[in-house]
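Heads up: the sequence shown begins at 300 in the numbering used here, then just goes up one per residue. Each remark here refers to the structure printed beneath this line.
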Amino acid sequence: MAFVVVLVVAIAVVVLVLRAAEKGGPGGVRAPKPPRPQRAARPVAPDDDPEFLRELERRTRRDDGSPA
């Protein structure tokens, strides 16, 4: 039973130490995170993509309606 209590206390101490280290600790200064690179805005779906819609329109105009 004492082993279980010691194990629980040890895990609690480790968790507390890790959380304190994550925050920078007392008086510690954390380095600022580098800015995230900006992604180019792009369409999410094909029907949002103007280039796709132009290509679709071009194919539709070129198609004479005959079966393949």
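All C-beta atoms in this analysis are idealised placements derived from N, C-alpha and C, irrespective of residue type, glycine included.
| Item | Value |
| --- | --- |
| Determine the closest residue to proline 345 out of Glu354, Ala311 and Gln337, with distance taken between C-alpha atoms. | Glu354 |
| When the Cα atoms are used, what is the spatial distance from valine 313 to alanine 320? | 11 Å |
| Do you know how far the Cα of leucine 317 is from the Cα of phenylalanine 351? | 50 Å |
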